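For the sequence shown, the numbering used here assigns the number 916 to the initial residue and increments by one for each residue that follows.
For reference, the structure is listed below as structure tokens.
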Amino acid sequence: MSGIKIDQLESIIVNSIEEVIEDNEEILQGNVKAAGSKAVRLLKERSRKKKRHGGSYARGWSADVKSEATGTTCVVHNRQYQLTHLLENGHVIKNQHGSYPGRVEGDHVIEGVYKEVAAEFSKGA
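This is the structure in structure tokens:
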């Protein structure tokens, strides 16, 4: 080799690999953040909006992106988490007499947005 020692070559290779990993981590973090933002936007558009509540449920969506040694994650959540569960999965109807005459089916908006964003994220990855 033209004057490069094995220790120098090893150092060059290690530094190059570390740069590539750092670049890929930054790209991944950007993609995760973009996917979370898209999910929030779609959930705000597609969630139920009651006029008497001013649409606070639909406006309550947000995303948190965290990067740790184990990877990058994005959690999309709503301030009204109890209502989120009921609207997504459905619930029984209780009347004033204490009986349960029926059931309200869930709207599965979260599931639909999740599948859409996950499919797009996996194509781009």
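Quick reminder that beta carbons are idealized off the backbone N, C-alpha and C, glycines included.
As the structure is a prediction and not an experimental result, all values here were calculated from the model.
{"Asked": "Helix, strand or coil at His968 [DSSP, three-state]", "Found": "helix"}
{"Asked": "Close-in-space but distant-in-sequence residues of the same chain around Gln995 (CB under 7 Å, 5 per side omitted)", "Found": "Tyr972, Gly975"}
{"Asked": "Length at least 4, wholly inside the segment 943-1011: the alpha helix (DSSP H) runs in chain order", "Found": "971-974, 996-1004"}
{"Asked": "Beta-carbon spacing of Cys989, Gly951 below 7 Å", "Found": "yes"}
{"Asked": "Cβ neighbours of Asn1004 in the same chain (closer than 8 Å, five flanking residues each side left out)", "Found": "Gly1021"}
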